[in-house]
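First up is the structure itself, then whatever we jot down about it.
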Amino acid sequence: MHNHKTSLREQPTRELIQLRAQAANHLAATQVMVGRLVAEHRACGKPNCAKCGPGQAKHGPYHYFLARSGGRGRAVYVPSNLADQVARYVAGGQASAEALELITRINTELLRRRELD
Ligand SMILES: [Zn+2]
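Residue numbers (the working numbering): 56 to 172.
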């Protein structure tokens, strides 16, 4: 889905419509989250903590989900046992967002051709 940025204008309408149908398959997914999963290490603030000394890794990682459109307070803590699952949802969200972008580009091209269905 990444090699169509410049070539859409050269593809026959029939192929564009096929490509659009493939992209639409990604949109049928419900286990998606559009945003980022971030991992942070944090200092605990206790004096003489062995993990928080200079050059140490500190505590964590602590995972957070940041919704792309979440606005203020959008960071949601993700327990470690759910981090892999959320990572899969985020990957699915990325695929869906790219699919939506591709569909928009295809429909824009169809509009140029006056072939919007
Ligand atoms: Zn510490």
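Every residue, glycine too, gets a C-beta built ideally from N, C-alpha and C. Fair warning: this is a prediction, and the values are worked out from it, not measured in the lab.
*asked:* Looking only at its chain, what residues have a beta carbon closer than 8 Å to the beta carbon of K106, apart from the 5 residues adjacent to it on each side?
replied: Here residue 106 is taken as the residue at index 51 of the sequence shown, counted from 1. Contacts found: C99, A112, K113 and H114.
*asked:* According to DSSP, simplified to helix, strand and coil, what is A150?
replied: Position 95 of the sequence shown holds residue 150. Helix, per DSSP.
*May I have the straight-line CA-CA distance separating V133 from C104, to the nearest angstrom?*
In the sequence shown, counting from the first residue as 1, residue 133 sits at position 78. In the sequence shown, counting from the first residue as 1, residue 104 sits at position 49. Going from the Cα of V133 to the Cα of C104 covers about 24 Å.
*Across which residues does DSSP place V131 in a beta bridge pair?*
Here residue 131 corresponds to residue number 76 of the sequence shown, with the count starting at 1. For V131, which the question treats as bridged, DSSP gives the partners F120.
*State the DSSP-derived secondary structure class of A112, mapped to helix, strand or coil.*
As a working note, residue 112 is residue 57 in the sequence shown. Coil.
*asked:* Going by DSSP in three states, A78 sits in which element: helix, strand or coil?
replied: Position 23 of the sequence shown, counted from the start, is the residue given in the question as residue 78. Of the three classes helix, strand and coil, the one that applies to A78 here is helix, per DSSP.
*If you draw a straight line from the C-alpha of L155 to the C-alpha of V89, how long is it?*
Reading the sequence shown from its first residue, position 100 is the one you call residue 155. Reading the sequence shown from its first residue, position 34 is the one you call residue 89. Straight-line Cα distance between these residues: approximately 12 Å.
*Counting only the same chain and skipping the five closest in sequence on each side, list residues whose C-beta sits under 7 Å from that of Y144.*
Counting from 1 along the sequence shown, the entry for residue 144 is found at position 89. Around Y144: Q86, V87 and M88.
*Can you give the Cα-Cα distance for Y117 and R97, rounded to whole angstroms?*
Position 62 of the sequence shown, counted from the start, is the residue given in the question as residue 117. Position 42 of the sequence shown, counted from the start, is the residue given in the question as residue 97. Their backbone Cα atoms lie some 8 Å apart in a straight line.
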